[in-house]
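Chains as they are written, first to last, in our numbering: chain Y, 235 to 244; chain X, 5 to 216.
Inspection log for the structure reproduced underneath, given as structure tokens.
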């Protein structure tokens with residue numbers, strides 16, 4: 235589930 | 005981390021450093037849109053709140069701290085320290101026309117209806133259009149100093165390189181973030197006209213002047 239992932243880009 | 009993302013980040017970093025050097029060395033922010041700089045500061049503040057909740061890497065944290073500090077510093081230089089040189093007569097783009105639609109859109113189109121996620125989404129949407137007051141200012145005055153052109157070129161290249169990064173990540177990691185991709189494409193498209201002028205004029209040693 236992508237919403238659970240942190241945003242790893244700047 | 006792939007080469008496109010690293011190149012994109014370095015291009016973004018270069019843009020900010022070029023801008024700070026220009027303001028500091030010339031003791032002037034002439035030709036720079038304070039409104040775009042305020043929007044970029046809002047972009048970084050709303051996006052990097054996760055500095056307090058998530059640790060990704062030392063690189064990630066260091067870059068976020070630098071982007072936050074430099075964007076707030078730029079606003080300080082423009083509106084306080086070198087206020088007298090700020091060309092506000094030509095910086096007239098109404099930023100509420102950017103802030104309100106992007107705020108509304110982030111409430112409707114987001115990955116998750118939570119405060120952090122909505123602020124992140126808002127920052128992505130706002131970033132995609134935050135350069136418009138600056139481009140409007142260049143079109144209004146009809147010209148830009150070379151150093152301002154280099155700044156805009158580096159800033160535009162950053163999101164263009166991120167598109168290559170997203171293509172790479174989609175194929176090799178199966179990862180994609182549709183919000184970032186669509187907004188990033190919009191952001192890059194806004195620079196196309198400028199890229200054309202930069203390549204055909206500035207790189208040939210001429211000043212960036214718009215056709216009358």
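A virtual CB, placed ideally from N, CA and C, is assigned to each residue, including glycine.
Might you give, ordered along the chain, the residues of its own chain that have their beta carbon closer than 6 Å to the beta carbon of residue 55/X, omitting 5 neighbours on each side? Setting aside the 5 residues that flank it on each side, residue 55/X is surrounded in the same chain by 68, each with a C-beta closer than 6 Å to its C-beta; the list follows chain order.
Would you call the region 161-175 of chain X and the region 5-21 of chain X touching, i.e. three or more CB-CB distances under 8 Å? Here the region 161-175 of chain X makes contact with the region 5-21 of chain X; the two share three or more CB pairs at distances below 8 Å.
Can you check DSSP and say which residues form a bridge with residue 212/X? BP columns for residue 212/X point to 148/X.
Could you list which residues in chain Y have their beta carbon closer than 8 Å to that of residue 64/X, in chain order? The contacting residues are 242 and 244.
Through-space distance from residue 57/X to residue 201/X, alpha-carbon basis: When rounded, the distance between both Cα atoms is 42 Å.
Can you tell me whether residue 137/X is buried or exposed, with buried defined as 16 or more other CB within 10 angstroms of its CB? Under this definition residue 137/X is a buried residue.
For residue 86/X versus residue 22/X, is the C-beta spacing smaller than 8 Å? It is not a contact, given that the beta carbons lie outside the stated cut-off.
Going by alpha carbons, who is nearest to residue 42/X out of 208/X, 130/X, 108/X and 186/X? Nearest option by C-alpha distance: 130/X.
For residue 99/X and residue 127/X, I'd like the C-alpha separation in whole angstroms. Computed Cα separation, rounded: 14 Å.
Please state the DSSP three-state secondary structure of residue 116/X. In the structure shown, residue 116/X sits in coil (DSSP, three-state: anything other than H, G, I, E or B).
Within the region 179-214 of chain X, note down every full alpha helix (DSSP H) run reaching 4 residues or more, in order along the chain. Considered as a whole, the region 179-214 of chain X harbours 182-204 as its complete alpha helix (DSSP H) runs of no fewer than 4 residues, in chain order.
By Cβ distance, which residues of its chain are closer than 6 Å to residue 164/X, with the 5 residues on each side in sequence left out? Closer than 6 Å at the Cβ level, and outside the excluded window around residue 164/X, lie 192.
With H, G and I counted as helix, E and B as strand and the rest as coil, what does DSSP make of residue 243/Y? The answer is coil: DSSP assigns residue 243/Y none of H, G, I, E or B.
DSSP three-state call for residue 218/X: helix, strand or coil? This structure gives no information on residue 218/X, because the portion of chain X shown stretches from 5 to 216.
Residues near residue 46/X by beta carbon distance below 6 Å, same chain, minus five either side: Closer than 6 Å at Cβ, skipping near neighbours: no residue.
Have a look at residue 188/X and residue 143/X and give me their C-alpha separation to the nearest angstrom. Each residue's CA atom was taken as its position, placing residue 188/X and residue 143/X some 22 Å apart.
Counting only Cβ pairs nearer than 7 Å, list the residues of chain Y close to residue 163/X. Correct list: empty, because the minimum Cβ distance to chain Y is about 11 Å.
Between residue 235/Y and residue 120/X, what straight-line distance do the alpha-carbon atoms span, to the nearest angstrom? Note that residue 235/Y scores 41 on pLDDT, short of 50, meaning its location in the model is unreliable; the coordinates nonetheless yield the value given after this. Roughly 17 Å between the two C-alpha positions.
Below-8 Å beta-carbon distance, residue 6/X vs any chain Y residue: No, no contact with chain Y.
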